[in-house]
Each structure stands twice: as C-alpha cells, then as structure tokens.
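A.B. asks: Heads up: the sequence shown runs through residues 1 to 560, numbered per UniProt numbering.
Ideal placement from N, C-alpha and C gives every residue a C-beta, glycine not left out.
This structure is a prediction, so every number in the text was calculated from the model and none was measured.
Dropping the structure in here first, questions after.
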Amino acid sequence: MRLTLKTKVLLLALLPVILFALILSGAAAKILLDLAQDEISETRERLLKESRQELENFMQIGLGSVNSLYEAASSGDMASREQAIAILAKIKYGKDGYFFGHDSNVVRLFRGSSPVDVGKSLADRKDPNGVYVNRELVRVAKDGSNFVEYSSPLPTDESVLVPKLAYSYYLPKWDMAVGTAVNLDGIEAQVAEVQEAIDERISTILTSVAVIAALMLVVFGIAGLALSNAFLRPLQRIKDNLDDIAAGEGDLTRRLQVTSDDELGQLAGSFNRFVEKVHGLVRQIAELTTQLTGLVGEVADQAQRSEQAMERQRSETDQVATAINEMSAAAHEVAKSAQGAAEAAQQTDHEGQAAKRVVDGSIERIHALVVDIRTSGQSLDSLQQDVQSIVSVLDVIRSIAEQTNLLALNAAIEAARAGEAGRGFAVVADEVRALASRTQQSTQEIQGMIDRLQQGTQSAVTAMRRSSDAGDVTSEQANQAGASLDAIAQLIGTINAMNAQIASAAEEQTAVAEEINRSVHQIATAVESVAEETHHGAQTSRNLAGLGERLGALVRQFRI
C-alpha cells in the first residue's frame, strides 16, 4: 500500500492520539472490569456468608429443640434419639427448609418428614458432579468444618442442577449427624443482577471515554492537517519542479529555485548540486557509451569469428574422433586377425611337427624297405645263379638221358640181332629207353619251368633294381621332405614370433588408439564446452551491443 507524505504526516500526528486513546480505554476497561470482578466476588462471598450464618441459625434452632433430650440422654440412648428424630423431622423453615440426619455408617436416619431411603446406607451415592454428599456430611460434622457444597437437581426438572450449601453437626451420644441445606440459586441470581448493573456502569464509562477520545482525535486531526499543509507546501513546490524536469525529456540544465534558508531551501540547493553532478556524469557516460559501442561492435565481430572457428574446430574434432574410432576398430580387427593367425600358425606348427614325425617314420621305413629290396635283389641274384646251376645240371641230365636213350637204342638193336637170346635184354633196353625218354621229357618240362623261373627271376631282379633305385630316390626325397619340414617348422616358429609381435603391437596400437580416442573425446568435450562458451560469449557480446544501444538511447534522452 502506497502512502503519500501528507498521509504519513497525518498518521504521525494521529497515531499517538489513537494509541493514547486505546491505551486509556484499555486501562479504564481493565480497571473497571477488575473492580467489577472484585465487587461481584465480594457480593458472592457476602451472600454466601449470609447463607452460612442462616444455616447456623437454623441449626441452632433445631438443636435447641432437642437440647433437653440430648442433655438428659446417655451415650447410646436410642430411645431419646428416636424422640429427637421425631421432633427434628417436623421442623420446617422458609419455603422448603428441613432437617436430615445420618449415623457414622452414612445410614439415613431421617429426611424431614419423608420416609424415602430411611434406614439405607447412602455412602456410595454421588451428586452429578461426583461428590459423595452423604459421606461428606458425616465427615464435616465430625471434624467440625460443618459445611459442604454440592449440586442437586430440581424436583420439578432433574435436568437442571442447583448449587446447594449444607451444614452438618455431630451429636456423639446419639451417633447422629444432623444437617440442613439451602439452595444457592438465589445467590447466583443476586450476583447476576449485580453483574448486570456493573456492566451497565462500565458501558456508560467506556462510552464516555470513547467520545472523549473521538473528540481528541478530531482536534488533533485538524491540527495535524493544518501543520502538514504548512509543512508540505514547499515540498509540493519542489515536487512540481521535479515533475517539470522529468516531463522535460531529461533536461539536466534546469535547476530548482532556492526561496528560503531553512531545511527545504537546503534541500533545493542539495538537489541542484546533485543534478549538476548527474549532468557531468551523464555527459561522461554519453562519451563512454560512444566508445563502448565501437568496442562492443569489434568484440561482437571477433566473437562471431571465434564462434565460426570453434564450429569448424568442433567439426574437425568430430571427424578426428570418427577416424580414431575407425582406427581403433581396425586395430581391434588386426589384433583379432593376428591372434587368429598366431593360433593358426601354432596349429600348423603342431601339424608340421606331426607331419615331421610321420615323414621321419616314413624315411625310416623307406630305408628299411630299400635295404629289404636290396636284400631281396641279392637273394634273387643268388636264386638266378642257383637256377643257372640247375640249368647246367639239367643239361647234364638231358645229355645223360640222350646218351642213355642212344645206349638203350643200341642195346635194343643188339638184342634184336641176338634174337631170342637177347630178348630179355631187349626188354630191359626198352625200359631203359622209356625211362630215358621220360627223364628227357621231365628234363624238358623242368627246363621249361626253369626258363619261366629265369624269366620271372630276371623280371623280379629288374623290378627289384628299379624298386631299389626308386627307394634310393624316395629316401632322398624323404630326406629332402624332412629337411623341408624342418625349415617349415623354423619358418612357422618365426611366423609365430612375428604373429606374437604383431598381436602385441596391435594390442599396443589398440590401447594407444583407445587412449587417443579418450583424449580426442575429452578434446571434443572441451571443444564443445569452449564452443558453447564462445557461443555464449558471442551472444553476450550481441546482448552487450544491444545494451550499449539501449544505454546510448537512454543517454540521448537527457539534454546535456
């Protein structure tokens, strides 16, 4: 909420009056209420004291009516107690006053002329507020405090509770607490009347105080208004002059007229000096704004060029990052291929070693075969010689058979010449000739067999010789194959070493590529951050240029 200076001055003049009136009214109300409360309390105590005195008087009357019986009775004389009860039960006073009595066991002995609950123990009976009334009546009668306050419902309307005051007195000879009670609703009615009268007086007094406060407020308000007008009139003139300066499109050449030598005149002089200083400052700001506009333009151009350069660098950094990623992927592939080649070379080395062992076994078996072939060739040569010897023997046998056949023929011829005498000899000669013929035939068969054997042996010898030559060649080739496998094994070992070096180099290249990739990503992040900062700088430069323009426009609003 915006308050004018005039309103503030009026409030400054009226607030003390209002506060004084409020404090005065509050204090008066507090004092009056305290006095009223004291008067009400005194009235209640006075009326209650009167009620107690009235109960004591009634009790004295009642006890006086049975005093002669009590004085003449001995302790525990129930007959005289019954006579006393009959007397007390008949006594009534006021509108509905009566006596009642209880023994030490809180057994009701009588209650006026009513037989209700007579002879019953009422020790556990409470009033609506939880007070054991009959117990208290016996207790206060014995300890001498005598009075008990409690509540009892109206006989006509049990929902309405009436405060009551009872007085009880103990007669030890008869073990009987005699009591009587009075309603206190009359006291509360009188207190309410007093309260109403006091409230009326307080209301009248507070109304008078309010009227006085209102009159004071009006008087002080009129006085404050007059003082505020006299005090604020020069300020109003200063305000009007300031409005003229403000409405004159920032004319800093205008000055306030000093018409007095008081605080307001000093205020006008101070304002003129302030405007003079502002005039000089605005002139300097105008000059600096012109320079700032040129510098901001150059900074904006440089920021734009930097932004473009950072954009190109960001693009090139992205390309380098992509190339590094591809190189890293290629290095991973090379490492994987080198690992595969190393595993393949290792497997080839194992296979070569197995082949070397097989070739070595083959060479050994080929050498053994060559030796066996040579041994077989030698055996065939011996067989051929033996066959040749058999042929010689067969030639001898064939010659002998031919000679035997000739001799047998000659013998047969001679036997035929001898006639009968030579007939037996002729038979022998025929048998010999037949045997010689069979021998010659068998020899020819054997000769055929031997010829075939010689041919087979010759063929076998030739084959053996070729096999021996082939075995020598095969042995040489097997030796060469073994040497080649040894060379291959050495080469495979070299390949394994080279593959290991390649794999190690590829792994190192991969690690370096990943490190370069991370560095490039960090560079890219830094470039991105620098690009964003450059963009923000360019935007700030543009904003600064705009602010320079606005500042120039604001400065141009002043007339200097």
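Could you say if the stretch 141-154 and the stretch 105-125 meet the contact criterion of at least three C-beta pairs nearer than 8 Å?
C.D. replies: Flag = no, the stretch 141-154 and the stretch 105-125 do not touch.
A.B. asks: Where does the unbroken beta strand (DSSP E) through residue 564 begin, and where does it stop?
C.D. replies: An answer regarding residue 564 cannot be provided, because it is not within the stretch 1 to 560 covered by the chain.
A.B. asks: Out of Gly97, Phe20 and Met498, which one is the CA nearest neighbour of Gln346?
C.D. replies: Nearest option by C-alpha distance: Met498.
A.B. asks: Rank Val209, Gly448, Asp451 and Gln477 by C-alpha distance to the C-alpha of Gly26 and give the top, closest one.
C.D. replies: Checked all of Val209, Gly448, Asp451 and Gln477; the closest Cα to Gly26 is Val209.
A.B. asks: Quick one, are the C-beta atoms of Asn134 and Val106 less than 7 Å apart?
C.D. replies: Contact: yes.
A.B. asks: Would you please state the rounded distance, in angstroms, between the beta carbons of Met176 and Gly97? I believe it to be under 8 Å.
C.D. replies: That belief does not hold up - the Cβ atoms of Met176 and Gly97 are roughly 19 Å apart, past 8 Å.
A.B. asks: Is it buried or exposed for Arg233, if we count other Cβ within 10 angstroms and need 16 for buried?
C.D. replies: That one is exposed.
A.B. asks: Closest by CA to Leu225, which one among Leu11, Glu71 and Asp185?
C.D. replies: It is Leu11.
A.B. asks: Are the beta-carbon atoms belonging to Ser80 and Ala73 less than 7 Å from one another?
C.D. replies: Their beta carbons are under 7 Å apart, which means Ser80 touches Ala73 by this criterion.
A.B. asks: Would you check if the distance between the CB atom of Ala166 and the CB atom of Ala181 is smaller than 7 Å?
C.D. replies: A contact, by the Cβ cut-off of 7 Å.
A.B. asks: Residues in the same chain with beta-carbon distance under 7 Å from Glu56, minus the five sequence neighbours each way, listed in chain order, please.
C.D. replies: So the qualifying residues of the chain are Tyr167.
A.B. asks: Just to check my reading of the structure: Lys164 and Asn146 have Cβ atoms closer than 8 Å, yes? What is that Cβ distance to the nearest angstrom?
C.D. replies: Wrong, their Cβ atoms sit about 14 Å apart, outside the cutoff.
A.B. asks: Starting from the C-beta of Asp103, find all residues in its chain whose C-beta is less than 7 Å away, skip the five residues before and the five after it, and write them out in chain order.
C.D. replies: Answer for Asp103: Leu109, Asp175 and Met176, listed in chain order.
A.B. asks: Please name the residue in Ala411, Gln304, Ile31 and Gly221 whose C-alpha comes closest to that of Glu533.
C.D. replies: Of Ala411, Gln304, Ile31 and Gly221, the residue nearest in Cα terms is Gln304.
A.B. asks: What are the boundary residues of the alpha helix (DSSP H) that Ala141 is part of?
C.D. replies: Here the alpha helix (DSSP H) through Ala141 covers Val133 to Asp143.
A.B. asks: Give me the residue from His350, Val371, Glu287 and Ile450 with the minimum Cα distance to Asp386.
C.D. replies: The shortest C-alpha separation from Asp386 is found at Ile450.
A.B. asks: According to the neighbour-count rule (16 or more other Cβ atoms, all chains shown, within 10 Å of its Cβ), is Ala553 buried or exposed?
C.D. replies: Flag for Ala553 reads exposed.
A.B. asks: Nearest to Thr4 by alpha carbon, out of Lys92, Lys239 and Tyr70?
C.D. replies: Here the closest residue by C-alpha is Lys239.
A.B. asks: Out of Ala434, Gly482, Asp38 and Thr525, which one is the CA nearest neighbour of Gly361?
C.D. replies: It is Gly482.
A.B. asks: Applying the 10 Å Cβ sphere with the 16-neighbour rule, what's the burial state of Ala192?
C.D. replies: That one is exposed.
A.B. asks: Looking at the strands, I want to know which residues DSSP matches up with Val148.
C.D. replies: For Val148, which the question treats as bridged, DSSP gives the partners Ala166.
A.B. asks: Looking at the structure shown, is Ser74 part of a helix, part of a strand, or coil, going by DSSP?
C.D. replies: Correct three-state label for Ser74: coil.
A.B. asks: Assuming Asp77 and Lys173 make a contact with CB atoms under 8 Å, what is their CB distance in whole Å?
C.D. replies: With 8 Å as the limit, Asp77 and Lys173 qualify as a contact, their Cβ atoms being about 7 Å apart.
A.B. asks: Please identify the residue among Ala89, Met59, Ala411 and Thr510 whose C-alpha is closest to the C-alpha of Ala329.
C.D. replies: That would be Thr510, whose Cα lies nearest to the Cα of Ala329.
A.B. asks: Of the choices Glu343, Ala408, Asp472 and Phe20, whose alpha-carbon is the least far from that of Ala368?
C.D. replies: Ala368 has its Cα closest to that of Asp472, out of Glu343, Ala408, Asp472 and Phe20.
A.B. asks: Pick helix, strand or coil for Asn183, following the three-state DSSP scheme.
C.D. replies: Correct three-state label for Asn183: strand.
A.B. asks: Do you know how far the Cα of Ser459 is from the Cα of Ser484?
C.D. replies: Each residue's Cα considered, the two are about 36 Å apart.
A.B. asks: Given that a residue counts as buried once 16 or more other Cβ atoms are within 10 Å of its Cβ, and exposed if not, what is Asn526?
C.D. replies: Reading off the sequence, residue 526 comes out as Ala, not Asn. The residue in question, Ala526, is exposed, as its Cβ has fewer than 16 Cβ neighbours within 10 Å.
A.B. asks: Can you give the Cα-Cα distance for Ala538 and Arg314, rounded to whole angstroms?
C.D. replies: Near 16 Å, if we compare the C-alpha coordinates of Arg314 and Ala538.
A.B. asks: What residues match up with Ala177 in a beta bridge as DSSP calls it?
C.D. replies: Beta-bridge pairing links Ala177 to His102 and Tyr170.
A.B. asks: Taking the alpha-carbon positions, what's the Leu15 to Leu217 distance?
C.D. replies: Roughly 9 Å between the two C-alpha positions.
A.B. asks: Please report the distance separating the alpha-carbon of Ile198 from that of Ile212.
C.D. replies: About 21 Å.
A.B. asks: What is the residue span of the beta strand (DSSP E) that Arg111 lies within?
C.D. replies: Here the beta strand (DSSP E) through Arg111 covers Arg108 to Arg111.
A.B. asks: How about Ala426 and Ala412: do their beta carbons lie closer than 7 Å?
C.D. replies: In contact: Ala426 and Ala412 (Cβ atoms closer than 7 Å).
A.B. asks: Give me the Cα-Cα distance between Asp143 and Val162, rounded to the nearest whole angstrom.
C.D. replies: One C-alpha to the other measures close to 26 Å.
A.B. asks: Can you tell me which of Ser228, Ala463, Gln291 and Glu507 puts its alpha carbon nearest to the alpha carbon of Ser337?
C.D. replies: Nearest of Ser228, Ala463, Gln291 and Glu507 to Ser337, Cα basis: Glu507.
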